[in-house]
Each structure stands twice: as structure tokens, then as C-alpha cells.
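Protein chains in written order, with our numbering: chain S, 17 to 136; chain R, 17 to 136.
Even glycine gets a Cβ: it sits at the ideal position worked out from N, Cα and C.
Keep in mind that this is a model prediction, so the values were computed, not measured.
Heads up, the thing below is written out as C-alpha cells.
Protein chains: 2
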Amino acid sequence: MVAEPTEVKAKALDGSGDATACCTPLGEAPLSEVEAAELARIIGALADPVRLRLLSIVASSPEVCSCELEDPLAKSQPTVSHHTKVLAEAGLISGEKRGRWTWWQANTARLASLRKALGG
Amino acid sequence: MVAEPTEVKAKALDGSGDATACCTPLGEAPLSEVEAAELARIIGALADPVRLRLLSIVASSPEVCSCELEDPLAKSQPTVSHHTKVLAEAGLISGEKRGRWTWWQANTARLASLRKALGG
DNA sequence: CACTGACATTGACAACCGTCGATGAGTTGA
DNA sequence: TCAACTCATCGACGGTTGTCAATGTCAGTG
């Protein structure tokens, strides 16, 4: 028997949970405390070399399985799982569980909105 | 007597210390460990709400004095000094000491290269 | 030359974060 | 039904980080 695909995480950012920018672009006006906190949360998910490499791997392929990440990252399975969770909660990747495997793909819209918040 | 302006910090990133992108854009190819470490260092400088607000203040004005940051950030003087140092070492702001004051300005080129590394 | 003002540095402390072994939950195939 | 597999969660440990009081450094002022 084959299980139905299951959506995986994604945490609210601007309230609705979509991938739009959260903040007024840098350089236009000082950020409010709330905007800064929210933006820092997302950026913080990228402020780690392992997660950056993880995201670059996922973003370079249409879909990547968790099991394909352990080797290139040279990290233990719990560590990889931790990092995917952080990236997913920041909305930067999305996971779908199919059968035994969880498949990840990059959220390019979220990355674009982040670039925009950075002054793009 | 009036002292000459003094340049303030800026730390190597791609070796030359300029403001070009350090890494292959996300989504094009997996990052190397060195690229990821370097990019994470820069992004890490932005992964803090206080530094984000600090940068947004500096970037919204042609020049800002350190003394003008304490109040809006609601942080002590050593804390503000710490954050300006982190941002400067990441190349995101540049400081110039004139007389008693240190004047900061945003490094827009560095921000642009960061956006490019993020897939822009 | 003392004195004040602006900023950097030091040292200490609490909170947070990355890491992994052990364990648990759910799926597949025999 | 049971064994093997994939992944998430838990608990613990060590290292990093944000914060501030105290102190140091240097430029301008009287």
C-alpha cells in the first residue's frame, strides 16, 4: 500500500505564511523592531555554512531527498534533519513526505522576497 | 588642531577586501565549504535584529554618527560599538573617524553582491 | 595641562546554537 | 507479522553570541 503525500511545515512570517517580503527594503527607512525581529529570524536560518550548502544543493536540483544530503554535507542524520527543519520553518525550503522519503525543494519566491528586503 | 580622517576596518572576504560577490549564486550550483563559510560569515552579521535596525538606519541616511544610534536602538554604548564593528568587519558599513566622532555609511555595493549570492 | 566628550576594548555572565548518540514514529517489502 | 529502512525528536554537551559595567584611548577645549 502506498501512502498519500504529506505536506511538511512552514511557519508564519507575515501572518499569512506565504512567501512575500516581510519588511520595508533596507535603505528606504529604518526597520521597526517587529520587522527587524522577523527578518532576523529568516536571515538567521541562512547564517550557517551547513544550511547554506544544504540550500544550495536543494536549489540546484528540482527535488532532493533527505538521504541525499547526509553524504555531501558530511553531517549526521539528526543534524541534517535539524537543518532542514530550520530552513523549512523559515520558509526557504518545503518538504513533502512520500513513502519513506522526504523530498525537499527550494522556495525561490521566498528567497526573492528576502533579496527585496535586502534592498533589491 | 584637527586630526586627519581615519579609515575604519573592513575585513577580507574574497581576498582583496572589495565588495564583489563571494560565491556562486544559490541555485546555480552547490556551494563549496569555503564559499559557504565566507557567505555565512557575512549573512551572520545580518542575523540580528539590532544590527538589522542599525544598518537600516545607516542606509537610510548618507552618514550617521555612532552617537545617533544609541537612542533609537535603545542599547548601551558598548553594545552599539560592538554591532558597528561586526557590520564593518562584514563589509556592510564603513566608518570614518573625524575628530571625536565616527561616521558610518552603508556599503550598498556589498549589499548588492550579497543579494546576487542569494540568487539575484 | 587638566578636563570633558566620543568611542573602543575588556571581562563576565546568561542565553542561544550546532552537533551527535539514542530512541521513537511511520512506511515498505518479504 | 516482522525486519529493515527513512526520518523526526529528545537529551546532553561544548562553543558561540548579545549584553552591559568598568576601563582605556584619543581628540578637542578652556
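- By the Cβ criterion, the stretch 79-93 of chain R is not in contact with the stretch 67-74 of chain S, since fewer than three pairs of Cβ atoms, one from each stretch, lie closer than 8 Å.
- Closest in alpha carbon position to alanine 133 of chain S, among S:Glu49, S:Glu79, S:Leu55, is S:Leu55.
- For arginine 114 of chain S, the three-state secondary structure derived from DSSP is strand.
- With respect to leucine 42 of chain R, glycine 107 of chain R sits apart: the two C-beta atoms are not nearer than 8 Å.
- In the displayed model, alanine 106 of chain R falls within coil according to three-state DSSP, outside both helix and strand.
- Of all residues in the stretch 68-82 of chain R, only Leu68, Arg69, Leu71, Ser72, Ile73, Ala75, Ser76 come within less than 7 Å of chain S when Cβ atoms are compared, listed by chain position.
- In this chain, the alpha helix (DSSP H) harbouring lysine 132 of chain S covers 124-133.
- Inter-segment contact for the stretch 47-65 of chain S and the stretch 94-108 of chain S is present: three or more beta-carbon pairs are separated by less than 8 Å.
- For valine 80 of chain S, the beta-bridge partners assigned by DSSP are S:Trp120.
- Between the alpha carbons of glutamate 79 of chain R and serine 129 of chain S lies a gap of roughly 27 Å.
- Our two residues, cysteine 39 of chain S and arginine 131 of chain S, have alpha carbons roughly 11 Å apart in a direct line.
- For leucine 85 of chain S, not one C-beta of chain R is nearer than 8 Å to its own C-beta.
- For alanine 75 of chain S, the closest C-alpha among the options R:Ala122, R:Ala90, R:Ala75, R:Glu44 is that of R:Glu44.
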